[in-house]
Amino acid sequence: MPAVETEILRAPSSASRPLPRRLNHLRLLEAESIHILREVASEFERPVMLYSIGKDSSVMLRLAQKAFYPAPIPFPLLHIDTGFKFREMIVFRDEMARQVGAELLVWRNEPAIAAGTNPIALDTRRCCALLKTQALLDGLRHYNFDAAFGGARRDEEKSRAKERIYSFRDAAGQWDPKNQRPELWNLYNARIHPGESIRVFPLSNWTEMDVWQYIHEENIPVVDLYFAKERPMYVRGDALLPIEQDFVARPGEKPQMVKSRLRSLGCSPCTGAIRSDAETIPAIIDELISFRSSERANRVIDHDQDGSMEIKKREGYF
Amino acid sequence: MLEVTLQIATEMEDKGFEIGEFLAAEREKDLLRFSTAGSVDDGKSTLIGRLLYDTQSVYDDQVRSIEGKGTTAPGQIDFALLTDGLRAEREQGITIDVAYRYFSTAKRKFIIADTPGHEQYTRNMATGASTADAAIVLIDASKGVQIQSRRHAYIASLLRVRHVLVAVNKMDLIAYEESVFRAIEAEFRAILAQIAQDTGTAVEAHFVPVSALKGDNVVHRAAKTSGAMPWYDGPALLELLEALPAINRTQNTSFRFPVQRVLRPDHTFRGFAGQIASGAIRVGETVTAFPSGRKAKVERIVTFDGDLEEAFAPLSITLVLDREIDISRGDLIADREDAPAVARNIKASLVWMDQRPLDSNRRYLLKHTSHTVPASISSVEHRVDLGALRHEPAPTLRMNDIGAVSLHLLQPIALDLYRDNRSTGALILIDPETNATVAAGMVTAAQGQTVAGDEDESGAWGRVTAGEREARWGHRGGALELTGPAELIDAVERSLFAVGAVTSLVDADELDRAGKQQFRDALADALVQSGLIALIARTGEDGALTASAGGFDITLDAQNQMHAVTAIHQLLRRAGIFISSEGADL
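Chains as they are written, first to last, in numbering that gives the first Met the number 0: chain F, 0 to 317; chain H, 0 to 585.
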């Protein structure tokens, strides 16, 4: 049955094909996400897709292609570039936008970048506030977007578990967890006043495992950094720090070659790598099964303060 | 999330774990959504924490972060902390909002809508139940059946959650006494029967005695593990969840396809994108578009991954029809046989969710499938007293009230009864001023014909409301006092008549001369109550026209007739008699 289903789903577009009567969880999640993408594109004046280059964004982008096929994706992609993204990510981003045929917008908080903002000079919280949250709010305001898709999932972090699929934001982009609109069935309330906006999370109900399985089933391209390779790293105890930025190094510290990969893609100074031999998607999934720590555990920014993601979201972060 | 793949991994390790086999098994898994609710202290968080922990769905770092915290004895884990969400909640020790959680077993994947159980959060319970295939209702064995359990069971039944799993928790506190469990079961079965009579939907109930704290009958059967409750030989809660019939959003097999978007990438392609709400469709079948009633054959079922011969709910697809018929977003493509109703007057059960109570003089926006239409509530038929399970007359519905109402829609829509279809029978109401979602509704009756045609108002119920009058006349009732040259007043009325306003001229001079001032005022009131525009006219000087409405007064140059007429239309907008252009596009 699985082999047959795979074959069926890969059938050439010209021939009509039958479907199995029972849909598996990935088909169910896909159908729900496509419904959300189409609702937003139809009900908002100026939607945009926040494209962060990571695996979740890659899935979201594929779902957008599916939602509007054979028409092109009817909204642009927006990347909030902190200036600290891995070089491979930027190359991948430009290539994906070209392949998909989507308009790509890039927004950076240039004054803060010029002022030398980095997570070591400042603390991570203030660095994120300037390079991510502020840049995001400025970018959305600059282009006057009224709806922005994000690839966040509810299984990622505890404040996200309580967020709606349509997450209402006031004119300052802020989330009020105590005053969210009830969301019933698949009926989403898209009404906003001028200046207000909605963040939309089409992958809300996907888990990390679902995302990897979907990438595997659908052959979705992802950044090479997810796959294990010999890479130069600063090794500090259990932590592996990529050598992308000079200021990360401590005096006298020398990088070592370590077979490693990234579990989630953030800014290079704040994203630790893990030792790994996983060179393929099935190997990553295999590794995921044996993992005993949650994926954001390697992200410094979620832990800098108790309830830190909740605080960031209240301030306007995704 | 780690998922429970560990469980499988352990099983497979013995046989030599193969990732290929694992992925093949994953492809077979479906998805079950269930909701949970309970009172503050009946151990809901502990139960969910236990489900996640015992199915190995939590990471070590999450467990480490809560070790030694919470209210349990040293060395034990307070499972409730695993589901703790927001700072504000931890500070107050309560749950504020619906939280969604995910886990999976070797058999299927699960989404939990975890809803708080305080009395004021009925709306959250309804939110969680709206997408659920099953609901877990918690009862604290040491306290017996509480109002919250009734409330949750009622909402589950009202929203047509078919399976209700009643977890009688804290069995450890009552020494695992079978008689207590049986008494609670008997009492709650009687309540469920009463609820079914009221909502018209019987739920399938399953009772399980559990101790979330000790882990008895949550994931593993107590009889096999701890040895507690040897008298219970039924399945553990998780076994039940794994065995429930697969996702089945609706019993209805009629094809229903609300159009979300028309895809027109170039002149050669015109497709209707949407998610199938119920039933199935094959290439070559004839379908009808509602509300127009036009028919066409399905030429192609298009997806990114290739055309399909057949598609069924809940797939998201794009339909190409064999001929050009006028279909746009919000229309419903459906079976030729077994058509939906097309109605402007409906009855619905409502769960009121807003601080501002229901106001039958206001216009709301009704969102149903992919369209939104203005609607007014013509009457509140009753409110449900969830404690006594009685209907009581009510002038309005307040936050967290459940009741039945009649609704009048400005345009006819194609719909089904909620009991027949959980997608095309569901609606939400939005307050057009605050944009808040104020109510969730389930259609219980629809008056109308199968396709759009002559309006049938005979099906409306109760007293005609201001909202209905406004819907018919296109404006609100109001008095416009005019003093000026008679021919100019005639021109004003002519201009109002021309835009479709319904006016009635009151000759104030004549009534005043006859000493009938009181009659004049009563007449004007009656006209305004009927939703008409009462023109209270007096002859004045030739040079000027004075006009007043809604507390606004203006004086105009009578020579410039065009300007005067325009100014009076603006005055009517300002006075709220004419609905402003922003309101008109509602």
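Just so it is clear, CB atoms sit at the ideal spot from N, CA and C, and this is done for glycine as well.
Rounded to whole angstroms, the gap between the alpha carbons of Lys-296(H) and Gln-259(H) is 19 Å. For the 7 Å CB-CB criterion, Pro-313(H) and Gln-274(H) form a contact.
Out of Asp-506(H), Gly-542(H), Gly-42(H), the CA that lies nearest to the CA of Ala-536(H) is found in Asp-506(H). Of all residues in the region 302 to 336 of chain H, only Thr-302, Phe-303, Asp-304, Gly-305, Asp-306, Leu-307, Glu-308, Glu-309, Ala-310, Phe-311, Pro-313, Leu-314, Ser-315, Thr-317, Arg-328 come within less than 8 Å of chain F when Cβ atoms are compared, listed by chain position. Collapsing the DSSP output to three states places Phe-21(H) in a helix. Contact between Ala-134(H) and Lys-169(H) is absent: CB atoms are separated by about 19 Å, not below the 8 Å threshold. Taking 8 Å as the upper bound for CB-CB distance, Ala-478(H) and Val-527(H) are in contact here, some 6 Å apart. About 16 Å separates the beta carbons of Leu-164(H) and His-219(H), which is beyond the 8 Å limit, so they are not a contact pair. Taking a 10 Å sphere around the C-beta of Lys-157(F), we find 16 or more other C-beta atoms and assign the residue as buried.
Neighbours of Thr-130(H) in chain F, taken as residues whose beta carbon is under 7 Å from its own, are Trp-184 in chain order. If you ignore the 5 residues before and after Arg-269(H), its C-beta comes within less than 6 Å of the C-beta of Arg-263, all in its own chain and listed in chain order.
For Gln-274(H), the chain F residues whose Cβ falls inside 9 Å of its Cβ are Ala-30, Glu-31, Ile-33, His-34, Arg-37, Asn-185, in order along the chain.
Runs of the alpha helix (DSSP H) lying entirely within the region 223 to 301 of chain H and spanning at least 4 residues, in chain order: 236 to 242. Boundaries cannot be given for Pro-394(H), as no alpha helix (DSSP H) includes it and DSSP labels it neither H nor E. In this structure, Ala-444(H) keeps its C-beta atom at 7 Å or more from the C-beta atom of Lys-366(H). The beta carbon of Ala-36(H) sits closer than 6 Å to those of Thr-114, Gly-116, Met-124, His-151, all from its chain and outside the five residues before and after it, given in chain order. For Asn-420(H), the nearest beta carbon of chain F is not closer than 7 Å to its own beta carbon. Restricting attention to Val-564(H), Leu-481(H), Phe-21(H), Arg-418(H), the CA atom closest to the CA of Ala-490(H) is found in Val-564(H). Within the DSSP secondary-structure output, Trp-351(H) pairs in a beta bridge with Ala-438(H). In the DSSP assignment, Met-59(F) falls within the alpha helix (DSSP H) that extends over 54 to 67.
Taken through DSSP and simplified to helix, strand or coil, Tyr-52(H) comes out as helix. Residues of the region 259 to 270 of chain H that bring their beta carbon within less than 8 Å of a beta carbon in chain F comprise Gln-259, Arg-260, Leu-262, Arg-263, Pro-264, Phe-268, Gly-270, in sequence order. Under the Cβ distance rule, Met-352(H) counts among the residues neighbouring chain F, one pair being separated by less than 7 Å. Rounded to the nearest angstrom, the Cβ distance from Ala-235(H) to Val-217(H) is 6 Å, consistent with a contact under 8 Å.
According to the DSSP secondary-structure assignment, Asn-168(H) is paired through a beta bridge with Asp-139(H). By the Cβ neighbour-count rule, Gly-251(F) is exposed, with fewer than 16 other Cβ atoms within 10 Å of its own. Within 9 Å of the CB of Asn-399(H), no CB atom of chain F is found; the nearest one sits about 11 Å away. For chain H, none of the residues of the region 224 to 253 of chain F brings a beta carbon within less than 8 Å of one of its beta carbons. For the 7 Å CB-CB criterion, Leu-239(H) and Arg-343(H) do not form a contact.
In this structure, the alpha-carbon of Met-256(F) lies about 13 Å from that of Ser-275(F). About 15 Å separates the beta carbons of Ile-154(H) and Phe-187(H), which is beyond the 8 Å limit, so they are not a contact pair. With 16 or more other CB atoms across the displayed protein chains lying within 10 angstroms of its CB, His-162(H) is buried. Our two residues, Trp-106(F) and Gly-575(H), have alpha carbons roughly 44 Å apart in a direct line. With contacts defined as CB atoms closer than 7 Å, Ala-147(F) and Leu-49(F) qualify as a contacting pair.
If you check each beta-carbon in the region 55 to 75 of chain F against every beta-carbon of chain H, the ones closer than 8 Å belong to Gln-64, Lys-65, Ala-66, Phe-67, Tyr-68, Pro-69, Ala-70, Pro-71.
Close partners of Gln-212(F) in chain H (Cβ separation under 9 Å): Leu-22, Glu-25, Arg-26.
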